[in-house]
Amino acid sequence: MSSSAQTTIVRGRFLDIQSLVKQAQQIPDQVRYLEDGVLISENGKIKWFGTWQDAQPHLPENIEIQHYPEQLIVPGFIDTHIHYPQTEMVGAYGEQLLSWLNTYTFPTELQFKDPAYAQNIAHFFVQELLKNGTTTALVFCTVHPESVDALFEAAERIQMRLIAGKVLMDRHAPDGLCDTPQSAYDDSKNLIEKWHGKGRALYAITPRFAPTSTPEQLEKAGQLKQEYPDVYVHTHLSENKDEIAWVKSLYPEQKSYLDVYHHYGLTGQRSVFAHCVHLEQDEWQCMHQTDSAIAFCPTSNLFLGSGLFPLKKTWEQGVKVGLGTDIGGGTSFNLLQTVSEAYKVQQLQGDKLSAYEALYHATIGGAKALDLQDQLGNFNVGKEADFVVLNLKATALQSLRQSRAKSLDDALFALFTMGDDRNIEATYIYGQCAYQKTE
Ligand code: GUN
Ligand code: ZN
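Below is the structure:
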């Protein structure tokens, strides 16, 4: 190991997942649990991972070992859909999607024209991700290019892997939030050139949703995707019934809502569609055939009264899915709380969501949805060293419940059900401790 390398050694109880776990009570093959494990990272990547016993010959000298004997260390949580400009408007009362956008969201987003305002909220947002154990997110900015610079600069300071982009919106919104097909193209292209692949930053072409883009603008978005095939596409799809009816009236030529995006070349392996609560069968097929991904946002779908997402359909139809907080339509930055609501959404449909499956969705499943499975999502050697140290006993009630846990999956399930930001002890980004809980 070269002396200039930045090396971190962490010892503790490690848990990670290799591939999709369906309903499971025992520890299945796809789950790796090391009661006393060691992770060695060098220059941000996992250099060695295994048991404490096997680690001895690999331990570099003169480097302090961070030991977390009581905690549980899991891969960093991955949030596949969130809006950073909506951080300040979480919990806005009484509206469903379309009136919620006009009443609360658009006035809030207008403020991000001011770069200083955007920088302030971007910094707060990144800190909030860390406090909640989220190490990667796919993020909506606003229509203003300055809002994108502010976010990527905040992430760059801590070497966080973020995917983000400027919103494209040229109709059905206030003037101050509208661009044009050409300015949307030019601004996005400049931002792609500036940010995509710089450090850990990745860019997403981000049409807000079909109703706020003209066909000309979606055409420009498709052109951009053709010119830069490895950038992402990030938008909303089939969240609310009034929204779907509106899309059908605005795009009568297309056979479905998803077909609007598909027609303009916006589906594919790096396309992520938030919500997808009310997809029709041919839309499920198109999602599968194009290898597009869904961001399932349970707290948002409940809060905005949008509906119950049929998670089981994603297995049946072979569609990639990650979890999204969807702040500020969603009500928590925390993926433990998001899992808890995801479980209840399945219960209301007569289905279950096991603890291991939930951990899969919050980590390697999210990485797959973002086409980052070779970089993120578990402790395989060579991946980026993003992980979270969880305290399972953050409250008296949690301590009592954990002391009665019958198995690892029972303990994990209780953590998901009762957990929140109080359970996040430390968050490591690219091998460095970026957040340590203080009190
Ligand atoms: N659809 C279009 N814009 C938005 C938004 O900001 N939040 C949510 N939840 N859905 C949307
Ligand atoms: Zn959203």
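Heads up: the sequence shown is residues 65 to 503, going by my numbering.
The beta carbon of each residue, even a glycine, is placed where N, CA and C say it ideally should be.
Review point. Are the stretch 416 to 430 and the stretch 99 to 113 touching by the rule of at least three beta carbon pairs closer than 8 Å?
Key: Counting Cβ pairs under 8 Å, fewer than three are found: no touch.
**Study point:** Nearest-angstrom Cβ-Cβ length linking Cys350 and Thr331, presumed shorter than 8 Å
**Key:** Here the question's residue 350 lines up with position 286 in the sequence shown. Here the question's residue 331 lines up with position 267 in the sequence shown. Rounded, the Cβ-Cβ distance is 7 Å, consistent with contact.
Review point. In this structure, does DSSP put Asp100 in helix, strand or coil?
Key: Taking the sequence shown and counting its residues from 1, the one referred to as residue 100 is at position 36. DSSP places Asp100 in the strand class (E or B) of the three-state scheme.
Review point. Looking at Ala357 and ligand 2, is the gap between the Cβ and the nearest heavy atom below 7 Å?
Key: Position 293 of the sequence shown, counting from 1, holds the residue named residue 357. Checking every heavy atom of ligand 2 against the Cβ of Ala357, none is found closer than 7 Å.
Check your understanding: From Leu456 to Lys312, what distance separates their C-alpha atoms?
Key -> Stepping through the sequence shown from its first residue, residue 456 is reached at position 392. Stepping through the sequence shown from its first residue, residue 312 is reached at position 248. Taking the straight line from one Cα to the other gives about 47 Å.
Review point. For Tyr292, which of helix, strand or coil comes out of DSSP?
Key: For the purposes of this step, residue 292 is identified with residue 228 of the sequence shown, where counting begins at 1. Of the three classes helix, strand and coil, the one that applies to Tyr292 here is coil, per DSSP.
Check your understanding: Taking 7 Å as the cut-off, is the CB of Leu174 close to at least one heavy atom of ligand 1?
Key -> The residue given as residue 174 occupies position 110 in the sequence shown. Distances taken from the Cβ of Leu174 to the heavy atoms of ligand 1 include none shorter than 7 Å.
Practice item. Out of Ile391, Thr199, Val95, Thr276, state which residue places its alpha-carbon closest to the alpha-carbon of Pro149. Key: The sequence position of residue 149 within the sequence shown is 85, counting from 1. With distances taken between CA atoms, Pro149 lies nearest to Ile391 out of Ile391, Thr199, Val95, Thr276.
Review point. Beta-carbon separation of Ala268 and Ala214 under 8 Å?
Key: What you label residue 268 is simply residue 204 of the sequence shown in a count that begins at 1. What you label residue 214 is simply residue 150 of the sequence shown in a count that begins at 1. No, they are not a contact pair.
Check your understanding: Are the CB atoms of Asn304 and Ser370 nearer to each other than 8 Å?
Key -> In the sequence shown, counting from the first residue as 1, residue 304 sits at position 240. In the sequence shown, counting from the first residue as 1, residue 370 sits at position 306. The Cβ atoms of Asn304 and Ser370 lie closer than 8 Å to each other.
Point to revise | Element boundaries [beta strand (DSSP E), containing Cys497] | key: In the sequence shown, the residue the question calls residue 497 occupies position 433. According to the DSSP assignment, Cys497 belongs to the beta strand (DSSP E) that extends over 496 to 500.
Practice item. Could you tell me whether any non-hydrogen atom of ligand 1 is closer than 7 Å to the CB of Gly158? Key: What you label residue 158 is simply residue 94 of the sequence shown in a count that begins at 1. No, the beta carbon of Gly158 sits no closer than 7 Å to any heavy atom of ligand 1.
Practice item. Note down, in chain order, each residue of its chain lying with its Cβ closer than 6 Å to the Cβ of Met65, except the 5 sequence neighbours on either side. Key: Taking the first residue of the sequence shown as position 1, residue 65 is located at position 1. Low local confidence applies: a pLDDT of 45 at Met65 is under 50, so the model's placement there is unreliable, with the coordinate-based value given in what follows. Listed in chain order, the non-local C-beta contacts of Met65 below 6 Å within the same chain comprise Pro124, local neighbours out to five positions each way being set aside.
Check your understanding: Under the rule that 16 or more other beta-carbon atoms within 10 Å means buried, what is Gln167, buried or exposed?
Key -> In the sequence shown, the residue the question calls residue 167 occupies position 103. Per the sequence presented here, residue 167 reads as Thr, with Gln not at that position. It counts as exposed.
Review point. Buried or exposed: Asn442, going by 16 or more other Cβ atoms within 10 Å of its Cβ?
Key: Along the sequence shown, read from residue 1 onward, the residue named residue 442 stands at position 378. Buried: at least 16 other Cβ atoms inside 10 Å.
Check your understanding: In chain order, what residues place their C-beta within less than 6 Å of a heavy atom belonging to ligand 1?
Key -> Screening all residues for a C-beta within a distance smaller than 6 Å of any heavy atom in ligand 1 leaves His147, Leu161, Leu165, Thr169, Arg272, Phe273, His300, Glu303, Ser364, Asp390, Gly393, in chain order.
**Study point:** Glu503 in three-state terms, based on DSSP
**Key:** The residue labelled residue 503 in the question sits at position 439 within the sequence shown. If DSSP states are grouped into helix, strand and coil, Glu503 belongs with coil.
Point to revise | Beta-carbon spacing of Ile428, Ile137 below 8 Å | key: As a working mapping, residue 428 is identified with position 364 in the sequence shown. As a working mapping, residue 137 is identified with position 73 in the sequence shown. Between Ile428 and Ile137, the gap from beta carbon to beta carbon reaches 8 Å or more.
Point to revise | Ala186: first and last residue of the uninterrupted alpha helix (DSSP H) it sits in | key: As a working mapping, residue 186 is identified with position 122 in the sequence shown. In the DSSP assignment, Ala186 falls within the unbroken alpha helix (DSSP H) covering 179 to 195.
Exercise for review: Would you mind stating whether Glu173 and Thr206 have Cβ atoms separated by less than 8 Å?
Suggested key: Walking along the sequence shown from the start, residue 173 turns up at place 109. Walking along the sequence shown from the start, residue 206 turns up at place 142. Going by C-beta atoms, Glu173 is nearer than 8 Å to Thr206.
Review point. From this set, Val95, Asp118, Gly329, which residue's C-alpha is nearest Lys86's C-alpha?
Key: Within the sequence shown, numbered from 1, the residue matching residue 86 stands at position 22. Its Cα nearest to that of Lys86, the residue Val95 stands out among Val95, Asp118, Gly329.
Review point. Where does the unbroken beta strand (DSSP E) through Asp143 begin, and where does it stop?
Key: Along the sequence shown, one-based indexing puts residue 143 at 79. Going by DSSP, Asp143 is part of the beta strand (DSSP E) stretching over 141 to 147.
Check your understanding: Going by alpha carbons, who is nearest to Ile146 out of Leu255, Gly140, Gly393, Ala449?
Key -> The residue you call residue 146 lines up with position 82 of the sequence shown. With distances taken between Cα atoms, Ile146 lies closest to Gly393.
Check your understanding: If we call anything under 8 Å between Cβ atoms a contact, is Val383 one with His342?
Key -> Residue mapping note: residue 383 aligns to position 319 of the sequence shown, counting from 1. Residue mapping note: residue 342 aligns to position 278 of the sequence shown, counting from 1. No, they are not a contact pair.
Exercise for review: Compare the C-alpha of Gln44 against each of Val74, Asp306, Tyr494 and name the closest.
Suggested key: Examination of residue 44 is not possible in this model, given that the chain is present from 65 through 503 alone.
**Study point:** Span of the beta strand (DSSP E), counted from its first residue to its last, around His260
**Key:** As a first step, residue 260 must be located in the sequence shown, where it is residue number 196. Careful: His260 lies outside any beta strand (DSSP E) and carries neither H nor E.
Review point. When the Cα of Asp485 is compared with those of Leu399, Cys242, Pro139, Glu347, which residue comes out closest?
Key: Residue 485 sits at position 421 when you count from the first residue of the sequence shown. Its Cα nearest to that of Asp485, the residue Leu399 stands out among Leu399, Cys242, Pro139, Glu347.
Exercise for review: Quick one: give me the first and last residue of the beta strand (DSSP E) that Ser335 is part of.
Suggested key: As a position in the sequence shown, residue 335 is number 271, starting the count at 1. Element bounds for Ser335: 335 to 339.
**Study point:** 6 Å CB neighbourhood of Leu194 in its chain, flanking five on each side removed
**Key:** To locate residue 194, count along the sequence shown from 1; it is residue 130. Same-chain partners within the cutoff: Thr491, Ala498, Tyr499.
Check your understanding: Helix or strand or just coil, what does DSSP make of Phe360?
Key -> Here residue 360 is taken as the residue at index 296 of the sequence shown, counted from 1. If DSSP states are grouped into helix, strand and coil, Phe360 belongs with the strands.
Review point. What did DSSP end up calling Ile581 once you bin it into helix, strand or coil?
Key: In the structure as shown, the chain starts at 65 and stops at 503, and residue 581 therefore has no counterpart that could be examined.
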